[in-house]
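To keep things clear, I will list the structure first and then write my remarks on it.
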Amino acid sequence: MNNRLLAAVLILIVVLLGVGTYVYSGAMDGKEVLVVATTTSLEDTGLLEEIEAAFEAKYPNIDMQVISGGTGIAIEYGKNGDADIILVHDKAREEELIEEGIGTKRNPFAYNYFYIVGPSNDPADIKGMDAAEAFEKIQEEGEKDPEAVEFISRGDDSGTHSREKKIWKAAGLDYNNTVQNAPWYVESGKGMGDTLTIADEKQAYTISDSGTFLAFKDKISLEALITESPDLLNVYSAIPMNPDKVSTTNNDAANKLVEFLLSSEGQKIIAEFGVEEYGQNLFTALNGGPEPTALFSSFLVGQSELAA
Numbered sequence: 001m002n003n004r005l006l007a008a009v010l011i012l013i014v015v016l017l018g019v020g021t022y023v024y025s026g027a028m029d030g031k032e033v034l035v036v037a038t039t040t041s042l043e044d045t046g047l048l049e050e051i052e053a054a055f056e057a058k059y060p061n062i063d064m065q066v067i068s069g070g071t072g073i074a075i076e077y078g079k080n081g082d083a084d085i086i087l088v089h090d091k092a093r094e095e096e097l098i099e100e101g102i103g104t105k106r107n108p109f110a111y112n113y114f115y116i117v118g119p120s121n122d123p124a125d126i127k128g129m130d131a132a133e134a135f136e137k138i139q140e141e142g143e144k145d146p147e148a149v150e151f152i153s154r155g156d157d158s159g160t161h162s163r164e165k166k167i168w169k170a171a172g173l174d175y176n177n178t179v180q181n182a183p184w185y186v187e188s189g190k191g192m193g194d195t196l197t198i199a200d201e202k203q204a205y206t207i208s209d210s211g212t213f214l215a216f217k218d219k220i221s222l223e224a225l226i227t228e229s230p231d232l233l234n235v236y237s238a239i240p241m242n243p244d245k246v247s248t249t250n251n252d253a254a255n256k257l258v259e260f261l262l263s264s265e266g267q268k269i270i271a272e273f274g275v276e277e278y279g280q281n282l283f284t285a286l287n288g289g290p291e292p293t294a295l296f297s298s299f300l301v302g303q304s305e306l307a308a
């Protein structure tokens with residue numbers, strides 16, 4: 001190999017290493033790449049796989065690539081320019097991202113609920129309580145007998161972990177000083193599916209989004225003990241990154257995904273997902289309606305109680 005050819009090969013290697021797999025997997029085949037950072041619940045349930053297939057069928061020139069992690073991780077990907085759009089479920093942090101100018105707009109597209117799940121014998125006797133009461137009781141019984149009553153937390157700065165910490169606070173408990181280092185409290189540091197599996201192995205309590213729990217229901221013995229509490233509402237939003245703040249973002253493709261998620265086609269996929277396999281939908285589509293609130297959730301709980 002002569003020196004000129006060797007130099008050309010070396011330059012090509014450097015260029016390929018510089019662009020990385022991000023470009024190689026998409027742009028190398030002539031498609032533009034859309035990187036989506038998502039919370040694990042949308043990935044673990046399989047919903048995002050269906051959305052990806054339908055979106056790419058509609059836009060064959062776009063290669064949608066998914067990075068799955070907790071909400072905190074997804075937000076960091078967006079801030080660092082490693083994702084064009086994020087799909088997350090933590091309204092407070094989402095609004096902070098918009099205020100900082102890093103995200104362009106919150107686009108709620110679906111909701112479900114968090115469930116507090118645990119072993120069928122319910123050793124802390126929490127069934128029928130609201131979420132804060134249940135957490136307080138788990139703490140009390142866990143302090144008495146940490147081998148009989150355990151709580152498995154994701155402990156990963158996800159939207160689920162964030163909601164869990166809010167419930168501990170609502171229960172009047174100091175998360176950092178009273179809960180986090182308690183012998184009955186275990187942090188998995190993993191996604192929702194893995195956390196449910198660990199809780200099942202330990203026959204412990206945990207908090208899960210309803211979609212992932214229903215998707216894993218036949219794989220575990222844990223039961224959903226609390227499903228109706230206004231503070232368990234779980235709204236999912238899509239947030240494109242602001243091209244003025246994140247110069248690497250593919251804003252055009254990100255906006256196309258938002259449009260698709262909010263379209264009748266996208267909402268139909270969301271509304272029907274899970275019905276055939278699990279006998280019920282795992283997410284509720286908004287279908288152009290307003291974002292549900294805790295007040296709306298209280299109304300639904302009241303209606304459920306009247307019907308019971």
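Note that full-length UniProt numbering gives residue 292 to position 292 of the sequence shown, counting from 1, and the numbers run on in steps of one.
Glycine included, every Cβ here is placed at the ideal spot set by N, Cα and C.
Measure how close the beta-carbons of residue i and residue j come, nearest whole angstrom, since I'm counting them as under 8 Å.
i	j	result
Ala134	Ile116	5 Å
Ile67	Ala110	Contact doesn't hold; Cβ gap of about 19 Å is too wide.
Glu52	Met64	5 Å
Arg154	Ser188	6 Å
Glu50	Phe273	6 Å
Ile152	Lys202	7 Å
Can you tell me whether residue i is buried or exposed, with buried defined as 16 or more other CB within 10 angstroms of its CB?
i	result
Asn250	buried
Val275	exposed
Thr206	buried
Asn242	buried
Pro119	buried
Gly288	exposed
Glu150	buried
Ala83	buried
Gly191	buried
Thr248	exposed
Ala57	exposed
Asp174	exposed
Which residues in the same chain have their Cβ closer than 6 Å to the Cβ of residue i, if we skip the five residues on either side of it in sequence?
i	result
residue 324	Not covered by the structure: residue 324. The range shown for the chain is 1 to 308.
Asp130	Ser229
Arg45	In the sequence as presented, Arg is not what sits at residue 45; that position holds Thr. The residues are Gly211, Thr212, Ala215, Leu282.
Gly103	Leu97, Ile239
Ile270	Ala110, Phe283, Ala285
Measure the C-alpha to C-alpha separation of residue i and residue j and round it to an integer number of angstroms.
i	j	result
Phe283	Glu141	33 Å
Gly266	Tyr278	20 Å
Ser263	Phe55	11 Å
Ile85	Pro240	4 Å
residue 330	Tyr185	In the structure displayed, the chain extends from 1 to 308; residue 330 sits before or after that span and is not available.
Asn255	Arg106	12 Å
Ala253	Ala182	46 Å
Gly172	Glu143	16 Å
Thr178	Ala148	19 Å
Pro108	Leu47	16 Å
Asn176	Glu95	24 Å
Gly128	Leu257	40 Å
Arg93	Gly101	13 Å
Gln180	Gln280	35 Å
Leu5	Asp244	At Leu5 the pLDDT is 41, less than 50, meaning the model places this residue with poor confidence; the figure from the coordinates comes in the next sentence. Straight-line Cα distance between these residues: approximately 41 Å.
Gly193	Ala199	10 Å
Lys268	Pro146	45 Å
Pro123	Glu99	44 Å
Glu291	Asn121	36 Å
Just to confirm my understanding: we take residue i, look at its own chain, exclude 5 residues before and 5 after, and list those with CB closer than 7 Å. What are they?
i	result
Glu305	Only weak support is given to the placement of Glu305: the predicted model assigns it a pLDDT of 36, under 50, and the question is left unresolved by the model.
Asn61	Lys31, Glu32
Tyr113	Ser210, Thr227, Leu232, Leu233, Asn234
Thr195	Ile152, Arg154, Ser188, Thr206
Lys165	Tyr175
Tyr59	Lys256
Could you pull out every residue in the same chain whose Cβ sits closer than 8 Å to the Cβ of residue i, ignoring the five residues on either side in sequence?
i	result
Thr197	Phe216, Lys219, Ile220
Thr293	Leu233
Ile126	Ile116, Gly118, Glu133, Ala134, Lys137, Ile138, Tyr205, Leu225, Ile226
residue 312	For residue 312 there is no data in the structure shown, the boundaries of the chain being 1 and 308.
Lys169	Tyr175
Kindly say whether residue i, judged by its beta-carbon, lies nearer than 7 Å to any beta-carbon of chain B.
i	result
Ala37	Going by chain labels, chain B is absent from the structure shown, which holds only one protein chain.
Is the region 88-95 touching the region 229-243 in the sense that three or more CB pairs, one from each, lie closer than 8 Å? yes
Give a yes or no on contact between the region 57-76 and the region 155-163, applying the rule of three or more CB pairs nearer than 8 Å. yes
Three CB pairs or more closer than 8 Å across the region 223-230 and the region 31-46: no
Pairing CB atoms from the region 39-48 with CB atoms from the region 210-222, are three or more of them under 8 Å? yes
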